[in-house]
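Structure first, then comments.
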Amino acid sequence: MEEMNVLAYTEFGPPEVLRPMKLPVPQPATGEILVKVKCASFNPSDALARKGVFQRIIDLTSPHVPGVDFSGLVVGKGPKAEKFQLGQSVYGYLNIRNNGSYAEYVVLPEEDAVPVPHGLTYEETASIPLSYLTAYEALLKGDSLKNGQSVLLYGASGGVGLASIALAKMKKAAIYAVAGTQSLSLLEDKGVTRILDYKKEDILKEMPVKVDVLLNLAPLEKEKMTELLPLLKDHGTFVSTTGMPDPPEGSTLTFLAVQTQRSEENLLLITDLLNEKKIEPIKSSTWSITDAPLVHKMHEEGKLLGKAVFLINFR
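In the working numbering, the protein residues as written are 83 to 397.
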């Protein structure tokens with residue numbers, strides 16, 4: 083049986099549990115495709131899974147390969163898989179329960195992949211799926227952010243934050259972005275109305291206006307989220323990817339908790355926006371997949387800036 087190189091873990095724990103291994107190349111079942119992975123990207127969910135936060139849904143009776151974002155080439159098809167041709171470039175967002183993209187090959191249902199946007203590299207494309215799908219769920223699905231409104235992005239310099247800036251600009255929104263000192267440079271050329279440094283500024287005092295939408299992307303405690311609510315206008319919307327505060331009694335605010343959804347329809351919509359040059363990829367740095375333990379460590383120490391992409395090269 084043909085083998086492939088992977089980076090995987092057999093126990094939950096710190097970044098060091100990620101180790102190079104060899105596993106059998108997976109075989110596509112009915113309606114599935116086999117993709118030779120060119121690039122993957124890091125998401126905070128990769129680290130949470132590795133630490134055991136999702137251990138109820140991740141089976142460690144065999145090694146688990148992390149990674150939900152990928153770009154690569156279709157090299158095999160199962161029965162009734164008719165959407166793609168062999169050799170076609172695709173990208174997508176994988177089910178976190180299954181073995182992922184820190185590997186030379188991955189299998190997935192063909193509906194979880196879409197064609198790579200025109201003119202983009204594999205590195206650029208791998209930065210897109212989870213971040214843009216999450217930002218879409220948070221700001222555009224259900225029309226949470228309407229044309230010409232204002233939005234405050236708390237935790238704006240990560241992948242979802244950068245994607246949210248791009249989508250908010252499409253809506254001609256006034257964008258206020260909160261990040262830490264080290265990552266402010268990532269926001270300086272993004273057309274943001276104002277950038278605030280949470281490490282040096284009192285956001286409640288320094289925000290010049292109240293906003294229509296507040297999107298929280300930081301792992302804040304409930305109490306800290308509650309402290310931010312006065313920054314919203316009456317009938318404003320509080321959106322969060324990391325939990326939700328208790329709504330104050332008599333509040334006129336709308337509260338929306340966001341979880342990223344695998345969606346062919348939404349990813350095709352995002353692909354169209356990329357093809358039309360209305361949004362851009364969000365890759366900030368490129369690493370070898372063998373550096374993934376270091377990238378995980380940097381993330382947990384608060385030293386990873388922007389969106390990190392992995393080249394799948396195990397040599």
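Backbone N, C-alpha and C fix where the C-beta goes; we use that ideal spot for every residue, glycine too.
Taking only three categories from DSSP, how would you classify ILE352? Looking at ILE352 - three-state DSSP - the assignment turns out to be helix.
With a cut-off of 8 Å on the beta carbons, I'd call PHE124 and PHE392 a contact; round off their distance for me. 7 Å
Let me know the secondary structure DSSP gives MET103 once reduced to three states. strand
Using alpha carbons as the reference points, say which of LEU386, LEU376, ILE394, LYS389 lies closest to PRO97. LEU376
Report the partner residues of ALA374 according to the DSSP bridge assignment. Partner(s): none; ALA374 has no beta bridge.
Among residues of its own chain, excluding the 5 on either side of ILE139, which ones have a beta-carbon nearer than 8 Å to its beta-carbon? Excluding residues within five positions, the ones whose Cβ falls inside 8 Å are ILE178, ARG179.
Per DSSP, the bridge partner or partners of VAL321: LEU297, LEU338
Relative to the C-alpha of GLN109, which residue among GLY273, PRO312, VAL156 is closest? VAL156
How about the segment 194 to 202 and the segment 220 to 234: do they share at least three Cβ pairs that are nearer than 8 Å? Under the 8 Å Cβ criterion, the segment 194 to 202 does not count as touching the segment 220 to 234, having fewer than three qualifying pairs.
Can you check DSSP and say which residues form a bridge with VAL172? GLY154, PRO197
Do you know whose CA, among LEU176, TYR175, GLY154, lies nearest ILE167's CA? At residue 167 the sequence reads Gln, which differs from the Ile that was named. Out of LEU176, TYR175, GLY154, GLY154 has the C-alpha closest to the C-alpha of GLN167.
Taking DSSP's pairing of strands, which residues face ASN392 in a bridge? Checking the displayed sequence, the identity of residue 392 turns out to be Phe instead of Asn. Among the bridge pairs identified by DSSP, PHE392 is matched with ALA122, TRP369.
Coil, strand or helix - PRO97 by DSSP: helix
Could you tell me the distance, in whole angstroms, from the CA atom of GLU383 to the CA atom of SER366? C-alpha separation (whole angstroms): 18 Å.
Does the distance from the CB of THR336 to the CB of THR319 come in under 7 Å? yes
According to the Cβ coordinates, are LEU278 and LEU249 closer than 7 Å? no
Can LEU116 and GLY158 be called in contact, C-beta distance under 7 Å? yes
If you follow the beta strand (DSSP E) that PRO211 is part of, which residue opens it and which one closes it? Run containing PRO211: none in the beta strand (DSSP E); it sits in the alpha helix (DSSP H), 211 to 217.
Pair every Cβ in the segment 249 to 264 with every Cβ in the segment 232 to 240, then say whether three or more of these pairs are closer than 8 Å. Contact between the segment 249 to 264 and the segment 232 to 240 is present: 3 or more CB-CB pairs across the two stretches fall below 8 Å.
Starting from MET307, follow the alpha helix (DSSP H) in both directions and report where the run begins and ends. Per DSSP, MET307 is one residue of the alpha helix (DSSP H) stretching across 304 to 310.
Suppose the cutoff is 6 Å on Cβ atoms and the five residues either side in sequence are ignored; what does the same chain contact list for PRO312 look like? none
Same chain, Cβ closer than 6 Å to VAL189, neighbours up to 5 away in sequence not counted: PRO108, PRO110, GLU114, LEU116
Let me know the secondary structure DSSP gives ALA208 once reduced to three states. helix
From GLN137, GLY95, LEU338, residue whose alpha carbon lies closest to that of ALA217: LEU338
So the beta strand (DSSP E) ALA90 belongs to, where does it begin and stop? 85 to 90
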